[in-house]
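Enquirer: Residue numbers (this note's numbering): 2 to 275. Glycine is no exception: its CB is placed at the ideal position from the N, C-alpha and C atoms. One structure coming up, written as structure tokens, with questions to follow.
Structural data, given as structure tokens:
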């Protein structure tokens with residue numbers, strides 16, 4: 002095998018998931034991604050020298066690395082594609098806002114095909130994470146390389162929701178991991194009227210509070226399933242009305258059936274909320 006650009010010389014470990022506060026990383030998934038859309042940003046990276054092929058907003062798009070804008074319909078047939086990694090990034094987080102400003106702002110399309118050099122570096126990073134990240138500390142140590150590869154700032158110099166009240170609301174929601182706060186409850190904690198809060202939240206995040214919390218709720222359930230919980234138990238614990246409610250929401254928002262996540266070989270909770 003030609004290894005000039007860093008292709009793995011041995012078979013990759015199948016399907017590992019890393020769940021953090023602002024992203025959800027699935028490396029080498031053993032299942033297909035059906036057509037869906039959601040508010041989170043998406044980053045897809047081929048883990049071999051072969052490009053990925055996507056159906057994006059009624060277009061056929063190929064590339065070694067592709068970033069998708071929020072709310073863009075997409076699907077990929079992994080049976081006909083090389084192994085890949087896909088990264089869901091909270092579009093309201095500093096990472097999401099910074100990636101969007103850096104990689105998508107100048108694009109006329111709802112996606113951006115990454116330069117080969119960038120895609121190659123990300124492939125090596127994700128392959129390394131897949132094979133060596135055994136705890137949160139080692140994961141975060143490697144994760145910092147993503148900022149360097151993408152040419153973006155981390156920490157205080159990165160982008161953040163400009164309205165301090167909405168930023169505080171997001172901090173509350175992320176820190177507490179709650180899924181059932183109403184707009185009125187959150188608005189009260191940031192000293193806004195419910196109507197003003199709803200308007201500002203959608204203006205700065207691109208989604209309603211209900212939609213935002215549903216996706217966070219979904220990621221919580223999926224994390225539990227990868228750790229061995231049944232779909233039924235995970236649905237109840239995450240606050241879904243029923244397993245079918247979880248399954249329908251999951252298929253609509255991620256293109257996956259929740260039960261497929263039992264096929265992954267490993268899960269690592271890497272949250273380090275700041």
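Tell me which residue opens and which closes the alpha helix (DSSP H) that residue 232 is part of.
Expert: 232-238
Enquirer: Indicate whether the contact test is met: 3 or more Cβ pairs, each with one atom in the segment 98-105 and one in the segment 15-28, closer than 8 Å.
Expert: No: fewer than three Cβ pairs fall under 8 Å.
Enquirer: Among residues of its own chain, excluding the 5 on either side of residue 270, which ones have a beta-carbon nearer than 6 Å to its beta-carbon?
Expert: 20
Enquirer: Out of curiosity, what's the CA-to-CA distance linking residue 274 and residue 224?
Expert: Residue placement at residue 274 is poorly supported in this model, since its pLDDT is 42, which falls under 50; the coordinates are not used for a value here.
Enquirer: Does DSSP put residue 229 in a helix, in a strand, or in coil?
Expert: coil
Enquirer: How far does the beta strand (DSSP E) with residue 252 in it extend, from its first residue to its last?
Expert: No beta strand (DSSP E) holds residue 252; the alpha helix (DSSP H) holding it covers 244-255.
Enquirer: Which runs of the alpha helix (DSSP H), 4 residues or longer, sit entirely within the segment 134-206?
Expert: As far as the segment 134-206 is concerned, its whole alpha helix (DSSP H) runs of at least 4 residues are 137-151, 165-177, 184-190, 195-206.
Enquirer: Which residue marks the beginning of the beta strand (DSSP E) containing residue 262, and which one marks its end?
Expert: Segment: none, residue 262 is in no beta strand (DSSP E) and carries neither H nor E.
Enquirer: Take the Cβ of residue 197 as the centre, count every other Cβ of all protein chains shown within 10 Å, and call the residue buried at 16 or more, exposed below.
Expert: exposed
Enquirer: What's the gap between the Cα of residue 141 and the Cα of residue 90?
Expert: Whole-angstrom Cα-Cα distance: 15 Å.
Enquirer: Pairing CB atoms from the segment 102-116 with CB atoms from the segment 227-244, are three or more of them under 8 Å?
Expert: no
Enquirer: So, helix, strand or coil for residue 99, using DSSP?
Expert: For residue 99, the secondary structure class from DSSP, reduced to helix, strand or coil, is helix.
Enquirer: By Cβ distance, which residues of its chain are closer than 7 Å to residue 185, with the 5 residues on each side in sequence left out?
Expert: 195
Enquirer: Using 8 Å as the Cβ pair cut-off and three pairs as the minimum, do the segment 233-241 and the segment 211-225 touch?
Expert: yes
Enquirer: Mind reading off the beta-carbon distance from residue 18 to residue 268? Whole number of angstroms is fine, and I expect it under 8 Å.
Expert: 5 Å
Enquirer: Check residue 41 in the structure and name its three-state DSSP category.
Expert: coil
Enquirer: Of the residues 45, 65, 106, which one's Cα is nearest the Cα of residue 76?
Expert: 45
Enquirer: Locate the beta strand (DSSP E) running through residue 54, then write down its first and last residues.
Expert: 53-57
Enquirer: Near residue 64, what residues of its chain come up, given a Cβ to Cβ distance below 6 Å and the 5 sequence neighbours on each side ignored?
Expert: 52, 114
Enquirer: Identify, in the order they occur along the chain, each residue of the same chain with its Cβ nearer than 7 Å to the Cβ of residue 69, setting aside the five sequence neighbours on each side.
Expert: 42, 43, 57, 75, 111, 112
Enquirer: Quick check on DSSP: helix, strand or coil for residue 126?
Expert: Here residue 126 sits in helix by DSSP.
Enquirer: Out of curiosity, what's the CA-to-CA distance linking residue 144 and residue 71?
Expert: 22 Å
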